[in-house]
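Chemist: Before anything else, here's the structure in question.
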Amino acid sequence: MNHKSKWKQIKEERILYLLLLPTIVFFILFRVLPILNMRLAFFQFRAKGEWPFVGLKYFKMIFSSPAFAQILANTLIISFMKYVLLFPFFVVFALMLNEVRSWRFRKYVQVVSYLPHFLSWVVIAGIWINSLSLAGSVNQIVTFFGGEAVDFMTDRSKIRWILMICEAWRSLGWDSIIFYTAILAINPSLYEAAQIDGASRMQIIRNIILPALITPMITMFILNLGFFLNAGFDQVFNFSNQAVESTIDILDTYIYRIGIEGGQYSLATAVSLIKGIVGVFLVWVTHVFSKKLTGSGVW
């Protein structure tokens, strides 16, 4: 296809390209330009004039900070709970959804489980904070059965589990879509052959459905590792309070605090650069390991 044909095709499909334009602008502003300005991690920021080169000064400050070790530990723990412990539940939910025989009930479950994904974390945090407060619905049920009310949102031993359960409530239906789609793509003749051979439902799941899910499971798990150091800024920021801040303070909230609130842009950029490098490294290592173990990876 020559250049004239390409431009002709773009002109014919200009409406589709216009619909795509906001997404392109978003990625340029919030993905491409920040990468270009990552050099700020090696320079001292000045509002006017040239930025003096300081080398690894800010990286040394980060690793010498006594608070950084705790923040990093919080990030790793919360990310492990959200990206590793929750991961099997998405697959199990897709399997359970596939086993529902009633078409109407299945559609109802899908809609109800997808809806929380479209709520902002501000709304979700408001719902959960009100429900888990001392006068909330959860404590009303607890006290009704003779228990003692607990302020869950200020309990440091429970707040991480609350973040995990809240993430599951929001993402269970949405994140299971790719696995449910993979199940639907299985050739029906395989089910027919298994039934003719007298296979039970569990044998069909174990020998037909689960093998078909291996590739999407590996792909999604590797991609999730790329966000391992994120731990969910929006969620943590909205659930934070002074009582539990030391337990759920993560790298993203630390970056926000020192960068946006504290004006230490170079230091915040250095932390972000470390996050990005670790994320790329985790994806690459997991991809190589997956290639050797199963023969498939992300690329």
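Each residue of the sequence shown is one higher than the one before, starting from 136 at the first, in this note's numbering.
For every residue, glycine included, the Cβ atom is placed at its ideal position computed from N, Cα and C.
What's the gap between the Cα of Asp384 and the Cα of Val244?
Modeler: Distance between the alpha carbons of Asp384 and Val244: 34 Å.
Chemist: Taking 8 Å as the CB-CB cut-off, is Ala229 touching chain C?
Modeler: Of the protein chains in this structure there is only one, and it is not chain C.
Chemist: Who are Phe178's beta bridge partners in DSSP?
Modeler: Paired residue(s): Phe188.
Chemist: Just to confirm before moving on: does the CB-CB distance between Arg305 and Pro223 stay below 8 Å?
Modeler: No, the pair does not count as a contact, with Cβ atoms beyond the cut-off.
Chemist: Which same chain residues end up closer than 7 Å to Leu325 when comparing Cβ atoms and leaving out the 5 residues on each side of it in sequence?
Modeler: Answer for Leu325: Ile343, listed in chain order.
Chemist: In its own chain, which residues sit with a C-beta less than 7 Å from the C-beta of Gln179, not counting the 5 before and 5 after it?
Modeler: Within the same chain, Gln179 has close Cβ partners Trp186, Pro187, Val189 and Ser401.
Chemist: Rounded C-beta distance between Leu232 and Arg239? I'm assuming under 8 Å.
Modeler: Going by Cβ atoms, the distance from Leu232 to Arg239 rounds to 13 Å, so no, they are not a contact pair.
Chemist: I'd like to know if the stretch 292-303 and the stretch 203-218 are in contact, where contact means that at least 3 CB-CB pairs between them fall below 8 Å.
Modeler: Yes, the stretch 292-303 is in contact with the stretch 203-218.
Chemist: For Tyr315, count neighbouring Cβ atoms within 10 angstroms of its own Cβ and tell me buried if that reaches 16, exposed if not.
Modeler: Counting Cβ neighbours within 10 Å, Tyr315 comes out buried, since at least 16 surround it.
Chemist: Closest by CA to Phe253, which one among Ala317, Gly308 and Lys143?
Modeler: It is Gly308.
Chemist: Would you report the Cα separation of Gly394 and Val235, rounded to the nearest angstrom?
Modeler: The alpha-carbon atoms of Gly394 and Val235 are separated by roughly 49 Å.
Chemist: Using only the alpha-carbon positions, how far apart do Pro157 and Leu168 sit?
Modeler: C-alpha separation (whole angstroms): 16 Å.
Chemist: Report the residue from Arg174, Ala317 and Ala260 whose alpha carbon sits nearest the alpha carbon of Phe368.
Modeler: With distances taken between Cα atoms, Phe368 lies closest to Ala260.
Chemist: So, are the CB atoms of Asn359 and Tyr152 less than 8 Å apart?
Modeler: Going by C-beta atoms, Asn359 is not nearer than 8 Å to Tyr152.
Chemist: What span of residues does the alpha helix (DSSP H) with Glu327 cover, start to end?
Modeler: Start and end: Pro323 to Ile331.
Chemist: Could you pull out every unbroken alpha helix (DSSP H) segment of at least 4 residues lying fully inside the stretch 203-246, listed in chain order?
Modeler: Qualifying alpha helix (DSSP H) stretches, in chain order: 222-234.
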